[in-house]
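A short write-up of the structure that comes next.
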Amino acid sequence: MSFSTLGLNDRLVQGTTATGFTKPTEIQSRAIPVALQGRDVVGLAQTGTGKTAAFVLPMLNKFSEAKHRDHHVRGLVLTPTRELAHQIEDAVTTYGRFTNISVLSVYGGVSMDNQVRRLRRGIDIVIATPGRLLDHMGRRTIDLSHVEVLVLDEADRMFDMGFIKDVQRIVEKVPKQRQTMLFSATMPEEIRKLTTTLQKDPETIRIGKIGNPVASITQYFYSVPQERKLDLLAHVLEAESMKSVLVFSRTKHGADKISRKLEQKGFSTTTIHSNRSQSQRQHALAGFKQGRYRVLIATDIAARGIDVEGISHVINYDTPPAPEDYVHRIGRTGRAAAVGDAITFVSEVERGSVRRIGQTIGKPVDLKKYEGFDYTTPIPRHEKHAGTPTHSPDHRRRSESRPHPAGDHRQPARPHTDRRNGEHSERKHTARPHGISNEHPDRKSSHPSSSSRPGGREGRHSSAGHGRPGDRTSRGPKGFKPRGQRTETGRPSRKETSGNHEPRKVYTKSDWTGLLTSTEKDEKKSFRKKLKRFFGGV
Numbered sequence: 000m001s002f003s004t005l006g007l008n009d010r011l012v013q014g015t016t017a018t019g020f021t022k023p024t025e026i027q028s029r030a031i032p033v034a035l036q037g038r039d040v041v042g043l044a045q046t047g048t049g050k051t052a053a054f055v056l057p058m059l060n061k062f063s064e065a066k067h068r069d070h071h072v073r074g075l076v077l078t079p080t081r082e083l084a085h086q087i088e089d090a091v092t093t094y095g096r097f098t099n100i101s102v103l104s105v106y107g108g109v110s111m112d113n114q115v116r117r118l119r120r121g122i123d124i125v126i127a128t129p130g131r132l133l134d135h136m137g138r139r140t141i142d143l144s145h146v147e148v149l150v151l152d153e154a155d156r157m158f159d160m161g162f163i164k165d166v167q168r169i170v171e172k173v174p175k176q177r178q179t180m181l182f183s184a185t186m187p188e189e190i191r192k193l194t195t196t197l198q199k200d201p202e203t204i205r206i207g208k209i210g211n212p213v214a215s216i217t218q219y220f221y222s223v224p225q226e227r228k229l230d231l232l233a234h235v236l237e238a239e240s241m242k243s244v245l246v247f248s249r250t251k252h253g254a255d256k257i258s259r260k261l262e263q264k265g266f267s268t269t270t271i272h273s274n275r276s277q278s279q280r281q282h283a284l285a286g287f288k289q290g291r292y293r294v295l296i297a298t299d300i301a302a303r304g305i306d307v308e309g310i311s312h313v314i315n316y317d318t319p320p321a322p323e324d325y326v327h328r329i330g331r332t333g334r335a336a337a338v339g340d341a342i343t344f345v346s347e348v349e350r351g352s353v354r355r356i357g358q359t360i361g362k363p364v365d366l367k368k369y370e371g372f373d374y375t376t377p378i379p380r381h382e383k384h385a386g387t388p389t390h391s392p393d394h395r396r397r398s399e400s401r402p403h404p405a406g407d408h409r410q411p412a413r414p415h416t417d418r419r420n421g422e423h424s425e426r427k428h429t430a431r432p433h434g435i436s437n438e439h440p441d442r443k444s445s446h447p448s449s450s451s452r453p454g455g456r457e458g459r460h461s462s463a464g465h466g467r468p469g470d471r472t473s474r475g476p477k478g479f480k481p482r483g484q485r486t487e488t489g490r491p492s493r494k495e496t497s498g499n500h501e502p503r504k505v506y507t508k509s510d511w512t513g514l515l516t517s518t519e520k521d522e523k524k525s526f527r528k529k530l531k532r533f534f535g536g537v
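Residues in the sequence shown are numbered consecutively from 0, following numbering that gives the first Met the number 0.
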């Protein structure tokens, strides 16, 4: 059978011949004659069987023979992703190269201005994602009242992505007297109900086993801890001959992480997910098709419309929670009866999803370990080189005897006051105070230090930590007196001394305020000096 025997006009036969296709696929040979009669069609077939041409060619045939209606959209194709919309637009342009049919893909991520200008000039076929089409409908920049043919491509995936309500809102604006074609890889109950509301006595065409992956795909399931999946992925890519690999990640952030880790190991990778712009997606997909990238990491939503021939392996880095997602994923390889492999990594928490996948594909899942991979969990780098824990006494003693890179300018430990008896004791601190040797904590060094000089650093700590704003003792209730006698002016007396040197004033927070408001001449002259002493020479 050839395209000329299906009932297509000469211009379309010439267009298909120019693309190199001379023999239609099974879905095309069965769906095109029914669609040319104007009947509604439900096409159930796996990815890669030629569903696009099965609805594009009948539309082109209908519009190329009828009288053109200016500025009216006559054909509407709804798709779940912009990548798929772009591919369908290319198919319409390619097959209809010898016709005067105009086509426009409408999707998000790009400016609406250019789309509005094209729509105003008049478009015959619009391929759109539901979200962007609703935007145009809200702005009244598109008129669907003259649509003659409505196509829902990848209907099951649009349901999974939550587009069914949007589709129903769009269909309400389309004339009831129309031809409706629905194509899907699976037929869940929700899609079955949708066909009863959108179509009239449709002709159902089934190709292969619906709901199961194509028979030419060899499936492997490997158990692996979640933290070892990256290591296993790199090992599999090195151990097996994989020319073109599509890796599925559940999240876009996970896809970026996988890409970074594989790049570090020397693999050429690129990513496709919702955070990437349309130009970045197209560049990544083109590089993957041309062989510049060996590995393409994608999320389910972004990869749904990917149509790349020659993918040798599909790797499910994260096990899909829904069996339908698994069917869509592995359908990227083994396309059109080609041979392909599907590998799924399964962690402990993903075993339940694997059991449901086995029920969907109709055979038990053989979960095993990957031969040749070391499943021993490696010691993390920070633990591999770690010795004694930093909180151990031995480590503390070594750190105390180790010279500080900054020299001997570190601040000494603050004194601790026992509030029961008012006695002072030095807190234990890993930093060695000035004048204290390593041999014994009470043995003073031979050279004078700031602790033995009058007014030195340690002297300012001689009163229970009152000498700094914000200390606990300075935040007591009104009228609270720190330890030690106070003068009538509220300043501490000089009774508390430390050592044989002359005692010095110790200021509290209230004293600090008094210094700022003092009008005494001698206090003003020594203001900077007291500030310096107050903050320990800072």
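Backbone N, C-alpha and C define an ideal beta-carbon position, used for all residues, glycine too.
Quick caveat, the model's predicted, so the values are computed rather than measured.
Checklist entry - Going along the chain, which unbroken runs of the alpha helix (DSSP H) with 4 or more residues stay wholly within the stretch 5-76? => result Annotation: the stretch 5-76 contains the following complete segments of the alpha helix (DSSP H) (minimum length 4 residues), in chain order: 9-17, 25-35, 50-64.
Item to check | Own chain residues within Cβ distance below 6 angstroms of H135, not counting five before or after | outcome: Excluding positions up to five away in sequence, the list reads I141.
Next on the checklist: I'd like to check one pair, I87 with V76: are the Cβ atoms closer than 7 angstroms?
Outcome noted: Going by C-beta atoms, V76 is nearer than 7 angstroms to I87.
Checklist entry - Taking the Cβ atom as the reference point for each residue, do K74 and V148 lie within a distance shorter than 7 angstroms? => result In the sequence under discussion, the amino acid at residue 74 is Gly, which differs from the Lys named in the question. Remark: C-beta atoms of G74 and V148 approach each other more closely than 7 angstroms.
Item to check | Beta-carbon proximity list for K172, same chain, < 6 angstroms, skipping 5 on both sides | outcome: Cβ neighbours of K172 beyond the five flanking positions: L143.
Checklist entry - Does the separation of the CB atoms of E202 and V55 fall below 7 angstroms? => result In this structure, E202 sits away from V55, with a CB-CB distance that is not shorter than 7 angstroms.
Next on the checklist: Only counting the same chain, and skipping five residues up and downstream in sequence, which positions put a Cβ closer than 7 angstroms to that of N32?
Outcome noted: Just to set this straight, residue 32 is Pro in the shown sequence, not Asn. Cβ within range, chain order: L5, G6.
Item to check | In DSSP terms, what K367 is bridged to | outcome: Bridge partners of K367: Y221.
Checklist entry - What first and last residue would you give for the beta strand (DSSP E) that runs through N113? => result Counting along the chain, N113 sits inside no beta strand (DSSP E); it lies in the alpha helix (DSSP H) bounded by residues 111-120.
Checklist entry - Under the DSSP definition of a beta bridge, which residues are partnered with G183? => result Correcting the residue identity first, residue 183 is Ser in this sequence and not Gly. Answer is L43, bridged to S183.
Item to check | Endpoints, alpha helix (DSSP H) assigned at H312 | outcome: Counting along the chain, H312 falls outside any alpha helix (DSSP H), though it belongs to the beta strand (DSSP E) covering 312-315.
Item to check | Reduced DSSP category for T194 - H, G, I as helix; E, B as strand; rest coil | outcome: T194 falls in the helix class under three-state DSSP.
Checklist entry - Assuming V592 contacts I122 under a Cβ cut-off of 8 angstroms, what Cβ separation, rounded to an integer in Å, is found between them? => result A question about residue 592 goes unanswered here, because the residues of the chain that appear run from 0 up to 537.
Item to check | Simplified DSSP assignment, three categories, for L103 | outcome: DSSP places L103 in strand when its eight states are reduced to three.
Checklist entry - Would the stretch 241-255 and the stretch 216-231 be scored as touching if the rule is three or more Cβ pairs under 8 angstroms? => result No: fewer than three Cβ pairs fall under 8 angstroms.
Item to check | Within 7 angstroms, strictly: CB atoms of F266 and G42 | outcome: Cβ atoms of F266 and G42: not closer than 7 angstroms.
Item to check | T24 to R117 span [Cα, whole Å] | outcome: Here the alpha carbons of R117 and T24 stand approximately 34 angstroms from one another.
Checklist entry - Would you say A184 and Q281 are within 7 angstroms of each other, going by their C-beta atoms? => result Cβ distance not < 7 angstroms, so A184 and Q281 don't count as in contact.
Item to check | 6 angstroms Cβ shell around G37 - same chain, five flanking residues per side excluded | outcome: Closer than 6 angstroms at Cβ, skipping near neighbours: Q178.
Checklist entry - Mind checking A301: buried by the 16 CB within 10 Å criterion, or exposed? => result Burial check for A301: the Cβ neighbour count within 10 Å reaches 16 or more, so the residue is buried.
Item to check | Collapsed DSSP secondary structure at E382 in the structure displayed | outcome: Annotation note: pLDDT 42 at E382 (below 50); position unreliable, no value reported.
Checklist entry - Does DSSP put A233 in a helix, a strand or coil? => result Looking at A233 - three-state DSSP - the assignment turns out to be helix.
Checklist entry - So what's K529 in DSSP terms, helix, strand or just coil? => result Correct three-state label for K529: helix.
Item to check | Own chain residues within Cβ distance below 7 angstroms of G371, not counting five before or after | outcome: Only residues of its own chain outside the window of five on either side were considered, and among them A238 have a CB closer than 7 angstroms to the CB of G371, listed in chain order.
Next on the checklist: Please determine whether the Cβ atom of Q176 lies at a distance below 6 angstroms from any heavy atom of the ligand GTP.
Outcome noted: Inclusion of the ligand GTP in the displayed structure is not the case, the ligand content being empty and no account of it being possible.
Checklist entry - Can you check whether the CB of V246 is closer than 7 angstroms to the CB of Y316? => result Yes.
Checklist entry - With 16 other CB atoms within 10 Å as the buried threshold, where does F534 fall? => result Taking every protein chain shown into account, the CB of F534 has fewer than 16 other CB atoms within 10 angstroms, so this residue is exposed.
Next on the checklist: Quick check: the Cα distance between F162 and G290, rounded to an integer number of angstroms?
Outcome noted: If you draw a straight line from the Cα of F162 to the Cα of G290, it comes to about 34 angstroms.
Checklist entry - Is I216 closer than 7 angstroms to I329 when the C-beta atoms are compared? => result Against a cut-off of 7 angstroms, the Cβ pair of I216 and I329 comes out as a contact.
Item to check | Contact belief for V235 with Y369 at Cβ below 8 angstroms, rounded distance in angstroms | outcome: About 7 angstroms separates the beta carbon of V235 from that of Y369, a gap short enough to meet the 8 angstroms contact definition.
Checklist entry - Hey, how far is the Cα of G14 from the Cα of E188? => result One Cα belongs to G14, the other to E188, and the distance between them is close to 38 angstroms.
Next on the checklist: Just list the residues that DSSP pairs F344 with in beta bridges.
Outcome noted: Secondary-structure assignment with DSSP links F344 through a beta bridge to Y221.
Checklist entry - Can you tell which of M180, E64, R10, R119 has its C-alpha closest to the C-alpha of A154? => result For A154, the closest of M180, E64, R10, R119 by C-alpha to C-alpha distance is M180.
Item to check | Close-in-space but distant-in-sequence residues of the same chain around D299 (CB under 6 angstroms, 5 per side omitted) | outcome: If we look at D299 and ignore the five residues flanking it on each side, its Cβ neighbours are D324.
Checklist entry - Given a threshold of 16 other Cβ atoms within 10 Å of its Cβ, counted over all protein chains shown, does S104 qualify as buried or as exposed? => result S104 comes out buried.
Checklist entry - How many Å lie between A52 and Q225 at the Cα? => result Looking at the two C-alpha atoms, the distance is approximately 41 angstroms.
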